[in-house]
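Chains A and B, in that order, give the protein sequences.
Quick note on numbering: our numbering labels position 10 of the first sequence as 36, and the sequence is numbered without any gaps.
Quick note on numbering: our numbering labels position 244 of the second sequence as 817, and the sequence is numbered without any gaps.
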Amino acid sequence: MALIELENVTKVYRSGGTAYTALRGVNLAIGAGEFAAIMGASGSGKTTLLNLIGCMDVPTSGICQFDGMDTGRAGENRLAQIRGRRIAFVFQNFALLDRYTVRENVEVPLLRQALPRAQRKARAMAALSAVGIAELAQKRPGELSGGQKQRTAIARAIACGAEVLLADEPTGALDSQAGKEIMDLFARFHARGGTVVLITHDRQVAACAKRKITIQDGRILQDEMV
Amino acid sequence: MKTQVYWAAREVLRQKRRVLLLFLVSFAAMLTILSALTNATAAFWQQETFAGSLAFSMETILHLDYGDLEESPSLPRTLRRYRAYIAGLPGVQAVGRFDATGMYFSELKDRADYQAINSRVLAGGKYENYPGISRLLSVDEALLPFVRGNLMEYAQPASGALPLYASEVFAGILPLGTRLTDERTGEVYEVAGYFPRGCRWVEEDDLIRFPMVSLDGWFIAPLASSGDGDLMTQLSCLHNTYVRLEADADPGAVALAIQAYPAQHGFTAKAVLLSEEFRDYRRETGAFTRRQAALAVFVAGMAAASLLSVSATGILLKRREYGVLLACGFTLRDLAFGMALELLLVVGPAALAAWLYKLLEFAGSDDLFREILLAAHWRVSLPLCLAAALLLTAVSAAIPAGMILRCQPCQLTGGETNGVD
Chain A
27 MALIELENVT KVYRSGGTAY TALRGVNLAI GAGEFAAIMG ASGSGKTTLL NLIGCMDVPT
87 SGICQFDGMD TGRAGENRLA QIRGRRIAFV FQNFALLDRY TVRENVEVPL LRQALPRAQR
147 KARAMAALSA VGIAELAQKR PGELSGGQKQ RTAIARAIAC GAEVLLADEP TGALDSQAGK
207 EIMDLFARFH ARGGTVVLIT HDRQVAACAK RKITIQDGRI LQDEMV
Chain B
574 MKTQVYWAAR EVLRQKRRVL LLFLVSFAAM LTILSALTNA TAAFWQQETF AGSLAFSMET
634 ILHLDYGDLE ESPSLPRTLR RYRAYIAGLP GVQAVGRFDA TGMYFSELKD RADYQAINSR
694 VLAGGKYENY PGISRLLSVD EALLPFVRGN LMEYAQPASG ALPLYASEVF AGILPLGTRL
754 TDERTGEVYE VAGYFPRGCR WVEEDDLIRF PMVSLDGWFI APLASSGDGD LMTQLSCLHN
814 TYVRLEADAD PGAVALAIQA YPAQHGFTAK AVLLSEEFRD YRRETGAFTR RQAALAVFVA
874 GMAAASLLSV SATGILLKRR EYGVLLACGF TLRDLAFGMA LELLLVVGPA ALAAWLYKLL
934 EFAGSDDLFR EILLAAHWRV SLPLCLAAAL LLTAVSAAIP AGMILRCQPC QLTGGETNGV
994 D
């Protein structure tokens, strides 16, 4: 059974009197330990697909399952638990809390796991060491480069022990060298058995993935193993 | 719950300028709300205290209300005769007066041990700088049981001096039998007993409208007969004359009889049941209380509107932050609850600080109503203040929290997520 499974999923956004269909009858299965890249033009439905996979949204129709659980029927607490413990997100805009230090940012999902302070700190520092920025633990995001910010976001994913990493244009705001380093970190995460699903416009980034899914107008156009 | 409290506390500590602004708005609002509430409840408290202090039913007490009186040398005699006339009316049990004054006993005013004790009891009051003064409550025997206290009747010293009862605080320095002389009138008193701490009476001319004060450090004695011919003494007691009725007396008939005498003797006076005066007072304070309560509600509404706009703006500014928290495993309910908690962590202390500020203000004032204000502030304003803080928080957080709860987590993550991609 696939870890992530979408069955005839449609997502419609309504605003005022108008409706916009972002996904149209999508069927997709991603197994544990896969490394998949989702590609497509702007407005094709990539982010909507990632939000559904990551339990950040629910489908309008169809079934979206995470590890056998129908996310459309699950309660908010259950979805939040999955987001906090099993799935981690990396965004193009880094999604860090500016008022908190790097270490505190990494600790955020651990707070929800109600870990003791000392354990939170130790896990955060270990994750920061794993991505090579332990010395920046007391800095604030505003003092970091784009690459360092994205490493912080990845450290957050490592610290919470997530098994799935969802990344939305993770290298979009980085220079090529920093982008390469981030992709190396993704590869290491995948090599340790983690599942990686990322959205990208960049063919070089997509080339790091073992599976390439192309989406157009809310439908999966192509799904190929590389 | 622990996580939300921890996160809310961290957020409060990390947003010092915003928190300071919210604190100041809440503090200023709560200060006004508390002033209005305390004023309103103090009036109510004053009524309750008065009603609870009387040993007799207000339906059996008439208050003499004199009209314009010509301050002629014959006035003391006229008034004495008038009281004698009233005392003889059917249905009247007794007529009495009281008068509270500051005076000097020749033997006490310069005594160091007396001044030392007196300075302590006078501290913070209007006689603070007069440690040699003595506060004397002159009360006709008929009125002694009127207000709940310890004295029911006067002893008669064998020496012929007027009996003087001292507050228990002076028991150590004024033994029974000590003779004291009124420096102004030459009247001689003899200490005949002590009354315990905690006794109370009114210091001013209006029994209903003015608060009862502690009699710790006072003396109580009957009005001297020499004062019956003294115009100043008579005028001083003029508004403090009360008539106690028999339980089966017809107050209306007695009042009519009391009013008939002045008409025949060239002055005006009427007798009003204490219960009627009390009803009038309640009516007056009722209007005041309603105005104060309306003011409190209005200011609370303004404060809620201010807090609401600040917290709603906060939601917009922290939208992306909320998205991060959701992505990290927080629920929408966590966020809504945390937001309300954040507000409460600011509004609650602001309310308590405002309450404390008013408490110190009342405690440090020499206002006649100080004790009433303090009692109302402690017993009524404190719980109301906490309730107001909770209500303000709930009202201010309800709309922003509702906005959050209506969102899907993905709508808050922001960035390049446009919701239709």
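Backbone N, C-alpha and C define an ideal beta-carbon position, used for all residues, glycine too.
Over what stretch of residues does the alpha helix (DSSP H) that includes residue i continue unbroken?
| i | result |
| --- | --- |
| Leu716 (chain B) | Segment: none, Leu716 (chain B) is in no alpha helix (DSSP H) and carries neither H nor E. |
| Tyr930 (chain B) | Leu905 to Gly937 |
| Val845 (chain B) | Taken as a continuous stretch (DSSP letters only), Val845 (chain B) belongs to no alpha helix (DSSP H), being part of the beta strand (DSSP E) at Ala842 to Leu846. |
| Trp774 (chain B) | Where Trp774 (chain B) is concerned, there is no enclosing alpha helix (DSSP H), although the beta strand (DSSP E) it sits in stretches over Arg773 to Val775. |
| Lys575 (chain B) | Lys575 to Arg587 |
| Leu136 (chain A) | Val128 to Arg138 |
| Ala628 (chain B) | Ala628 (chain B) -> no alpha helix (DSSP H), and no H or E assigned at all. |
| Val231 (chain A) | Arg229 to Ala233 |
May I have the straight-line CA-CA distance separating residue i from residue j, to the nearest angstrom?
| i | j | result |
| --- | --- | --- |
| Thr751 (chain B) | Ala728 (chain B) | 14 Å |
| Gly718 (chain B) | Ala961 (chain B) | In the sequence under discussion, the amino acid at residue 718 (chain B) is Pro, which differs from the Gly named in the question. Distance between the alpha carbons of Pro718 (chain B) and Ala961 (chain B): 42 Å. |
| Asp778 (chain B) | Tyr738 (chain B) | 22 Å |
| Asp124 (chain A) | Val919 (chain B) | 22 Å |
| Leu735 (chain B) | Ala715 (chain B) | 16 Å |
| Thr226 (chain A) | Ala877 (chain B) | 46 Å |
| Gly43 (chain A) | Asp83 (chain A) | 21 Å |
| Ala616 (chain B) | Phe783 (chain B) | 10 Å |
| Arg855 (chain B) | Tyr658 (chain B) | 32 Å |
| Ala100 (chain A) | Ala140 (chain A) | 22 Å |
| Tyr655 (chain B) | Glu850 (chain B) | 22 Å |
| Ser848 (chain B) | His812 (chain B) | 16 Å |
| Ile64 (chain A) | Thr240 (chain A) | 6 Å |
| Phe910 (chain B) | Thr886 (chain B) | 17 Å |
| Tyr639 (chain B) | Arg852 (chain B) | 20 Å |
| Asp755 (chain B) | Asn612 (chain B) | 39 Å |
| Val786 (chain B) | Arg864 (chain B) | 27 Å |
I need the boundaries of the beta strand (DSSP E) containing residue i, first residue and last residue.
| i | result |
| --- | --- |
| Asn53 (chain A) | Thr44 to Ile56 |
| Lys891 (chain B) | Counting along the chain, Lys891 (chain B) falls outside any beta strand (DSSP E), and DSSP gives it neither H nor E. |
| Gln666 (chain B) | Val665 to Met676 |
| Asp194 (chain A) | Val190 to Asp194 |
| Tyr39 (chain A) | Ile30 to Ser41 |
| Ile88 (chain A) | Reading off the sequence, residue 88 (chain A) comes out as Gly, not Ile. Here the beta strand (DSSP E) through Gly88 (chain A) covers Ser87 to Phe92. |
| Gln981 (chain B) | Note, Gln981 (chain B): premise wrong, no beta strand (DSSP E); not H, not E. |
Tell me, to the nearest whole angstrom, how far the beta carbon of residue i is from that of residue j; I am working on the premise that it is less than 8 Å.
| i | j | result |
| --- | --- | --- |
| Lys931 (chain B) | Ser599 (chain B) | Wrong, their Cβ atoms sit about 14 Å apart, outside the cutoff. |
| Asp686 (chain B) | Pro795 (chain B) | No, Asp686 (chain B) and Pro795 (chain B) are not in contact; Cβ-Cβ is about 27 Å, not under 8 Å. |
| Phe792 (chain B) | Leu709 (chain B) | 5 Å |
| Asn131 (chain A) | Arg182 (chain A) | 6 Å |
| Leu211 (chain A) | Leu76 (chain A) | Not really, about 19 Å apart at Cβ, beyond 8 Å. |
| Ile606 (chain B) | Ala923 (chain B) | The Cβ separation is near 11 Å, so there is no contact. |
| Lys37 (chain A) | Thr86 (chain A) | 5 Å |
Nearest chain A C-beta to residue i closer than 9 Å, yes or no?
| i | result |
| --- | --- |
| Val883 (chain B) | no |
| Gly992 (chain B) | Confidence at Gly992 (chain B) is low in this model, with a pLDDT of 42, below 50, so the placement of that residue should be treated as unreliable; the coordinate-derived value is given next. Closer than 9 Å to some Cβ of chain A, the Cβ of Gly992 (chain B) qualifies, so yes. |
| Thr904 (chain B) | yes |
| Glu894 (chain B) | yes |
| Tyr700 (chain B) | no |
| Gly988 (chain B) | Summary for Gly988 (chain B): the model assigns pLDDT 40, below 50, so the residue's position carries little reliability, and this model does not support an answer. |
| Ala909 (chain B) | no |
| Val897 (chain B) | yes |
| Thr576 (chain B) | yes |
| Arg590 (chain B) | no |
| Ala582 (chain B) | no |
| Arg587 (chain B) | yes |
Let me see if you follow: with CB-CB separation under 9 Å, is residue i close to chain B or not?
| i | result |
| --- | --- |
| Phe92 (chain A) | no |
| Gln107 (chain A) | yes |
| Gly80 (chain A) | yes |
| Gly110 (chain A) | yes |
| Leu224 (chain A) | no |
| Leu54 (chain A) | no |
| Phe215 (chain A) | no |
| Thr74 (chain A) | yes |
| Asp83 (chain A) | yes |
| Leu247 (chain A) | no |
| Pro135 (chain A) | yes |
Could you tell me which residues DSSP puts in a beta bridge with residue i?
| i | result |
| --- | --- |
| His636 (chain B) | B:Tyr815 and B:Val845 |
| Trp791 (chain B) | B:Arg708 |
| Glu763 (chain B) | B:Pro736 and B:Arg752 |
| Ala67 (chain A) | In the DSSP output, where bridge partners are listed per residue, Ala67 (chain A) has none listed. |
| Met95 (chain A) | A:Phe92 |
| Val883 (chain B) | Paired residues: none, contrary to the question. |
| Met27 (chain A) | For Met27 (chain A), which the question treats as bridged, DSSP gives no partner whatsoever. |
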